[in-house]
Amino acid sequence: WCYPKPAQRPHPPILLGGETDKTLARIVDYCDGWFPRGGPDFDPAVAVSRLKAACAQAKRDFAGMQITVFRAPADADGLKRYADAGITRVLLDAPDSSRDEVLRLLDQYAELVTKTA
Numbered sequence: 013w014c015y016p017k018p019a020q021r022p023h024p025p026i027l028l029g030g031e032t033d034k035t036l037a038r039i040v041d042y043c044d045g046w047f048p049r050g051g052p053d054f055d056p057a058v059a060v061s062r063l064k065a066a067c068a069q070a071k072r073d074f075a076g077m078q079i080t081v082f083r084a085p086a087d088a089d090g091l092k093r094y095a096d097a098g099i100t101r102v103l104l105d106a107p108d109s110s111r112d113e114v115l116r117l118l119d120q121y122a123e124l125v126t127k128t129a
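Per our numbering, residue 13 is the first one in the sequence shown, and the count goes up by one each step.
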């Protein structure tokens, strides 16, 4: 149940996180997109192909799926690999640090995003 009901029509996108095959099946059955965790072992091309396969098996159009990767790499080469795989949205880490440190990091992220956009 969700109260108050969303004002947005259609509803806001429903994303589900996780990396198991069972999770991917649930995403295909019930969600608008996937929210996997990035990291050193995360291969964006393999991840996208797994979701495409799950969509094909369920006869669902992959084109309508959104992928947002949590903890994506904060470097141009890493983000290019994500974009080349078809991932259009990432979340970068923001540490629990001082205001000045976080602002410096956000400036670096802004420059990085501008370079890779």
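Virtual Cβ for every residue (Gly too), placed ideally from N, Cα, C.
query	result
So, is Y15 buried or exposed, given that buried needs 16 or more other C-beta atoms within 10 angstroms?	exposed
Does the separation of the CB atoms of V40 and A75 fall below 8 Å?	no
I need the straight-line Cα distance from C67 to D89, nearest angstrom please.	28 Å
Using the DSSP secondary-structure output, state which residues sit across from T80 in a beta bridge.	R101
Quick test of your reading: R38 and L28, contact by CB under 8 Å. State the CB separation rounded to the nearest angstrom.	6 Å
Rounded to whole angstroms, what's the CA-CA distance from L103 to W13? Just pull it up for me.	27 Å
Taking 8 Å as the threshold (C-beta atoms), are P25 and Q78 in contact?	yes
By DSSP's criteria, W46 is part of a beta bridge. Which residues make up the other side?	L28 and I79
Determine the contact status of A97 and P56, defining contact as a CB-CB distance below 8 Å.	yes
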